[in-house]
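Engineer:
Numbering (the numbering used here), first residue to last: 41 to 555.
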C-alpha cells in the first residue's frame, strides 16, 4: 500500500522547520504545508469525499496548489488539475468528463485573472456538487453569496490526518491532454507512476536537500507538477513559487533567492535571453548559484540553447516526455555525454524504440514514431477504453511524435505526427525548418506550419517575430532560407507577427496559427 502524500509527510516529521515553499514574503515550512493539507483532507472527508472520488483544481502557482493537491491525495481521492486559461464550456466539459465531486477554483486577481473576464470558474458554482473558491487570503469572504471558500472548508479542521492507504496502482491524478487531435482525454496516472518519475527526476537533476528550485512552470501541467513540485518536496528542497512567467521577476528571484535549479520550456529561455534590461541584474551572482537548468515540453532550438549557455554559463539538460508518460521518457543524463539537440537516452526502467506505421522497429537514423514502455506508462484514458487501446498496443505506448535514434542510442525529436507537412508528396518536418530559420540574425522566434494549397496539398508558411530594431523583407528571408535547406522544405509564405500565441505552459500554439 502506498500514497504519494508520503513524500510530504516524511519531511513534515523529519524536517518540520525546513522551508518547503517560498512565495513573495511568505516562508512555509514542511510541517505547515502538511498541516494545511491535513485540514483540506479533513474537510473533504467530512463531505464524504474519499477513495476513488475525483476533485478538480484550478489554481496558479500559489502555496494553495500543493496544500489542496496533497490534501486530496491524503483522502485517497484523485486530483484533476485544470489549466487556469480554460473558459466556461471547457471547465464544464472537464468536470463532467472526470466525474468530479468537488472543484477548487482560484478567485483571480487583476495580476492573475482566471478565465474570461476573470470569472469563468465562478460560473461553474452550480456545475459541481461541492464548489470552493480559493481566495488570496483564507479569511476573505466568498465573492458569491452562498458559495464556500477554501478557508471555510479548512476552518476548525484538525491539522492531523491519517492518510488513506491507496494501492500503488490506484489513480492519483488525471491529467487532460491538450485536445489538439480532438476533445481532451484524461490520462490516469497512478501513485506509483508519479512516485517513480519524481524519484528519477530528483536524481537526474542532482537535486539536493539544501537546493532551491523555482516553480515557474504551471503546476497544473505534468512537467511542473512532477519534475519540479513533487521532486522538490520528495527531496526536501525548497521551492520558490512564481505564478506566471515574467522575465524580470524570474531574473530577480534567480539573483535574490539564490536559485540553484531552473526548469522551463523553450519560450521561457527565449524570454530570459530577450529581456532588454538584463544589465541591471547581477549576472555573476546568478551564475554563482544556478547550477542546473532543465528544458522540456517542446523542442529547444539549438541556437537558443547555445546562446543561453554562453550568457548564463550553465548547461541546459533537455529531456522528452508527455502526460501519458508521467512525464519523463528520455533525458540527457548528467553523468553521460550531452548532445545538443538531443533529448537524451531512456530513463531508468523505461524502454524506447522507433517504429514505422506498421509497428516494425526501425534502425539507427531512421525516422518513425517514438514508442515506449515501462513504469511511466499511464493506466489509460479515463472512461476511454477505445482511445487507450489505440494508444497502448502490445504494452508499447505510441506517442504520436516523430523521432530518430542515432548510433549511440541518443534520441532526437523531429516533430509531432500532426505537425508534419506533406507538400507535393514530400514530408516536411517544421522543426527542421525552424532550426535553420532561427539562425538568421534578424529572427527572434519562428513557428512553421502547413496551410492548404490547391497545387501542392499543403504549403509551407513561417510565422516570424523579429528582434527589436531589425528589419528583413519576406523576399529576403525566403531567399536566405532557400540557400540553407532543400528546395522542397523552405517556406513560400512569411507572416511577420508581434508575438506568437502561447498556451499556459509556454508552448507555441500552432493550432491557433493554422486558424
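The beta-carbon is built from N, C-alpha and C at its ideal position, and this holds for glycine as well.
Since the model is a prediction, treat every value here as computed from it, not as a measurement.
1. May I ask you to report which of helix, strand or coil DSSP gives residue 47?
2. Around the Cβ of residue 110, are there at least 16 other Cβ atoms within 10 angstroms (buried) or fewer (exposed)?
3. Kindly give me the distance between the Cβ atoms of residue 380 and residue 345, rounded to whole angstroms, as I take these residues to be in contact under 8 Å.
4. For residue 404, does the three-state DSSP call read helix, strand or coil?
5. Let me know the secondary structure DSSP gives residue 26 once reduced to three states.
6. Three or more beta-carbon pairs under 8 Å between the segment 251-258 and the segment 341-357, yes or no?
7. Quick one: what does DSSP say residue 145 is sitting in, helix, strand or coil?
8. Quick check on residue 526: buried or exposed, where buried means 16 or more other Cβ atoms within 10 Å of its Cβ?
9. Regarding residue 378 and the ligand FMN, is the C-beta to nearest heavy atom distance less than 7 Å?
10. Quick check on the DSSP output: the alpha helix (DSSP H) that includes residue 254 runs from which residue to which?
11. Can you list, in chain order, the stretches of the alpha helix (DSSP H) that have 4 or more residues and sit fully within the segment 414-476?
12. From residue 553 to residue 537, what distance separates their C-alpha atoms?
13. With distance defined between alpha-carbon atoms, name the residue in 295, 313, 203, 333 nearest to residue 267.
14. Return the CA-CA distance between residue 323 and residue 59, expressed in angstroms with no decimal places.
15. Since residue 79 and residue 176 should fall inside the 8 Å C-beta cutoff, what is the C-beta to C-beta distance between them, to a whole number of angstroms?
16. Is it true that the CB of residue 483 sits closer than 8 Å to the CB of residue 507?
17. Using three-state DSSP, classify residue 303 as helix, strand or coil.
18. Do you know whose CA, among 88, 93, 512, lies nearest residue 26's CA?
19. So, residue 135 versus residue 168, is the Cβ gap smaller than 8 Å?
20. Mind checking who residue 67 pairs with in its DSSP beta bridge?
21. By the 10 Å Cβ neighbour count, where 16 or more other Cβ atoms means buried, how is residue 394 classified, buried or exposed?
22. Run through the segment 467-551 for me and flag every whole alpha helix (DSSP H) of 4 or more residues, listed as ranges in chain order.
23. For residue 56, which three-state DSSP category applies?
24. Going by beta carbon distance, what residues of the same chain come within less than 6 Å of residue 287, once the five residues before and after it are set aside?
25. Would you mind giving the Cβ-Cβ distance between residue 43 and residue 205, rounded to the nearest angstrom? I have them listed as a contact below 8 Å.
26. Assuming contact is defined by CB atoms lying nearer than 8 Å, are residue 414 and residue 389 in contact in what I supplied?
27. Below 7 Å CB to CB, which residues in the same chain sit around residue 586 once its five sequence neighbours on both sides are set aside?
28. If you check the beta carbons only, do residue 234 and residue 215 fall under 8 Å apart?
29. May I ask which residues mark the beginning and end of the alpha helix (DSSP H) holding residue 273?
30. Decide yes or no for the touch test of the segment 482-496 against the segment 457-473: beta carbon pairs closer than 8 Å, at least 3 of them.
31. Helix or strand or just coil, what does DSSP make of residue 363?
32. My output table needs one value for residue 42: the three-state DSSP class, helix, strand or coil.
33. With contact counted as at least three CB pairs below 8 Å, one residue from each stretch, are the segment 262-280 and the segment 49-66 in contact?
34. DSSP three-state label for residue 335, please.
35. Please classify residue 474 as buried or exposed, where buried requires at least 16 other C-beta atoms within 10 Å of its C-beta.
36. Do residue 99 and residue 63 have their beta-carbon atoms positioned less than 8 Å apart in this structure?
Structural biologist: Reading from the atomic positions:
1. Position 7 of the chain shown holds residue 47. It is helical.
2. Here residue 110 corresponds to residue number 70 of the chain shown, with the count starting at 1. The residue in question, residue 110, is buried, as its Cβ has 16 or more Cβ neighbours within 10 Å.
3. Taking the first residue of the chain shown as 1, we reach residue 380 at position 340. Taking the first residue of the chain shown as 1, we reach residue 345 at position 305. Rounded, the Cβ-Cβ distance is 6 Å, consistent with contact.
4. The sequence position of residue 404 within the chain shown is 364, counting from 1. It is coil, neither helix nor strand.
5. Because the chain spans 41 through 555 in this model, residue 26 falls outside it and cannot be assessed.
6. no
7. The residue you call residue 145 lines up with position 105 of the chain shown. In the structure shown, residue 145 sits in a strand (DSSP, three-state: E or B).
8. Taking the first residue of the chain shown as 1, we reach residue 526 at position 486. It counts as exposed.
9. Here there are no bound small molecules, and the ligand FMN is not part of this structure.
10. On the chain shown, residue 254 is found 214 positions in, with the first residue counted as 1. Careful: residue 254 lies outside any alpha helix (DSSP H), inside the beta strand (DSSP E) at 252-255.
11. 425-431
12. Along the chain shown, one-based indexing puts residue 553 at 513. Along the chain shown, one-based indexing puts residue 537 at 497. The straight-line gap from Cα to Cα measures roughly 11 Å.
13. Translated into positions along the chain shown, residue 267 becomes position 227. Of 295, 313, 203, 333, the residue nearest in Cα terms is 333.
14. In the chain shown, residue 323 corresponds to position 283, counting from 1. In the chain shown, residue 59 corresponds to position 19, counting from 1. For residue 323 and residue 59, the distance between alpha carbons rounds to 26 Å.
15. Within the chain shown, numbered from 1, the residue matching residue 79 stands at position 39. Within the chain shown, numbered from 1, the residue matching residue 176 stands at position 136. With 8 Å as the limit, residue 79 and residue 176 do not qualify as a contact, their Cβ atoms being about 18 Å apart.
16. Along the chain shown, read from residue 1 onward, the residue named residue 507 stands at position 467. Along the chain shown, read from residue 1 onward, the residue named residue 483 stands at position 443. Closer than 8 Å, so yes.
17. Working through the chain shown from its first residue, we reach residue 303 at position 263. Correct three-state label for residue 303: strand.
18. As displayed, the chain neither begins before 41 nor continues past 555, which places residue 26 out of reach and without an answer.
19. To locate residue 135, count along the chain shown from 1; it is residue 95. To locate residue 168, count along the chain shown from 1; it is residue 128. Going by C-beta atoms, residue 135 is nearer than 8 Å to residue 168.
20. Within the chain shown, the letter at position 27 stands for residue 67. Residue pairing by DSSP places residue 67 opposite 62 in a beta bridge.
21. Here residue 394 corresponds to residue number 354 of the chain shown, with the count starting at 1. Residue 394 is buried by the Cβ-count criterion.
22. 470-477, 514-522
23. Mapped onto the chain shown, residue 56 falls at position 16. The answer is coil: DSSP assigns residue 56 none of H, G, I, E or B.
24. Within the chain shown, numbered from 1, the residue matching residue 287 stands at position 247. Excluding residues within five positions, the ones whose Cβ falls inside 6 Å are 311, 312, 315.
25. Along the chain shown, read from residue 1 onward, the residue named residue 43 stands at position 3. Along the chain shown, read from residue 1 onward, the residue named residue 205 stands at position 165. That belief holds up - the Cβ atoms of residue 43 and residue 205 are roughly 6 Å apart, short of 8 Å.
26. Here residue 414 refers to the residue found at position 374 of the chain shown. Here residue 389 refers to the residue found at position 349 of the chain shown. Yes, the pair counts as a contact, with Cβ atoms nearer than the cut-off.
27. Lying outside 41 to 555, the shown extent of the chain, residue 586 is not represented and no answer is given.
28. Here the question's residue 234 lines up with position 194 in the chain shown. Here the question's residue 215 lines up with position 175 in the chain shown. Inclusion of residue 234 and residue 215 in the CB contact set at 8 Å is not warranted, their separation being larger than that value.
29. Counting from 1 along the chain shown, the entry for residue 273 is found at position 233. Counting along the chain, the alpha helix (DSSP H) containing residue 273 begins and ends at 271-275.
30. yes
31. In the chain shown, counting from the first residue as 1, residue 363 sits at position 323. DSSP, read as helix, strand or coil, puts residue 363 in helix.
32. Counted from its first residue, the chain shown places residue 42 at position 2. Three-state result, residue 42: coil.
33. yes
34. Locating residue 335 in the chain shown gives position 295, counting from the first residue. Note: residue 335 maps to strand in three-state DSSP.
35. Numbered from its first residue, the chain shown carries residue 474 at position 434. The residue is buried, with at least 16 neighbouring Cβ atoms inside 10 Å.
36. Counted from its first residue, the chain shown places residue 63 at position 23. Counted from its first residue, the chain shown places residue 99 at position 59. Not in contact: residue 63 and residue 99 (Cβ atoms no closer than 8 Å).
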